Structures are given as C-alpha cells and as structure tokens.
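In what follows, a structure is listed as structure tokens, so that the remarks can point back to it.
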Amino acid sequence: MLKSSLVVFALLLSLQSASAADIQEQKFGDWEYRCDDQNCELRQIVRNAKEAPVVQVTLYRGDNQTTQVRVAVPLNVNLRRAAVLAEGEQQQSLAYLFCSSAACVAGGQLSAEMIAAFRAGNEASLNFISVTAGPLRAPISLKGFTAGHRKLLSQ
C-alpha cells in the first residue's frame, strides 16, 4: 500500500512539474507577461507607499486580435461612475463588471487610440471614485508596455 501511494505521489509531482514548465513568464519593464496553455496576459500591479497592492491592470487578447483590459480596484468604489484609463488627452471609460470579496473589476476592449497613447507615453493613470475617499488616481507605468503588448498579440 505504501509503495503504491509513493508511486502515485511521484506521478502527481511529475505532472505538476510538467505543467509548471509549460508556463511562460517574462518581465517587460514594469509589466509582467504570463502565458500558460490556455491563457496569456500582460499585467501590472500598482502598489502604495507601503508596497501593498492597490490596483491591478490586466490585458489579454480577445477575438480578432483585440486587446481586452480588466482593472481590479479596492472595494467601496462608486459603481455608478466608470473607472477611467487616461494617458495625456486620451481617456477611456471602463464599466464595472462585478465585485468580489476582495475587489471590484471593470473592463472592456482597449481602444486603438488608447493602445497608441500607451505605446507613446511614459505614464498613464486609472481614475476611480471611492465612496469613502472621493476621487482617486493610480499611476500606471508604461515602461515596457510596447514590447509586452507585442508579445501578447503574438501568442
């Protein structure tokens, strides 16, 4: 019995190692690219001064080579007012999709104009309204965005 349990355990470990080996991870400036056999994403986690995560921006490829974006923001946001991505004069509203016990998520298709602004810029922002703190702005570094986005679209 012990021998068969050890064989099963060894088999499970080898399967876990094989699946972990199938995950591609790469850093592009301030962006992290991660791809497994089903999903690829480019993301950035914005942290506060105490290094606690505040906002997460995740991009993934949609149908017809479109770039989809999902942003996770803290709870207690005003769900009636969209989250807004901004870079320079370019802005894009993102409707809230749902809230979990950890965060509220907004998203949609990233426009070609916003992608161009991200590629040309140095810093974007995610603007949202907290019910308790009022308007908030989370800076999003665009360092590495162009290379990371190209990699995302190539998958």
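In terms of this note's numbering, the sequence shown opens at residue 23 and continues consecutively. Backbone N, C-alpha and C define an ideal beta-carbon position, used for all residues, glycine too. Computed from a predicted structure; not experimentally measured.
Glu-54 versus Val-93: straight-line alpha-carbon distance, rounded:
15 Å
Okay, do the segment 110–117 and the segment 77–87 touch, 3+ Cβ pairs below 8 Å being the bar?
no
Continuous beta strand (DSSP E) stretch holding Leu-132: start and end
That residue, Leu-132, is in no beta strand (DSSP E); it is neither H nor E in DSSP.
Collapsed DSSP secondary structure at Thr-80 in the structure displayed
strand
Have a look at Glu-73, Leu-97, Val-91 and Gln-46 and flag the residue whose alpha-carbon is nearest the alpha-carbon of Arg-65.
Val-91
Let me check you understand the geometry: is the CB of Asn-149 closer than 7 Å to at least one non-hydrogen atom of the ligand GDP?
No copy of the ligand GDP occurs in the structure displayed, which carries no ligand at all.
What residues in its chain sit with their C-beta under 8 Å from that of Cys-126, if we drop five residues either side in the sequence?
Ala-94, Val-95, Pro-96, Leu-97, Val-99, Leu-101, Tyr-118 and Phe-120
Is Gln-112 near Glu-145, with beta carbons less than 8 Å apart?
no
Under 8 Å, do Ala-139 and Phe-50 count as touching if we go by C-beta distance?
No. Outside cutoff.
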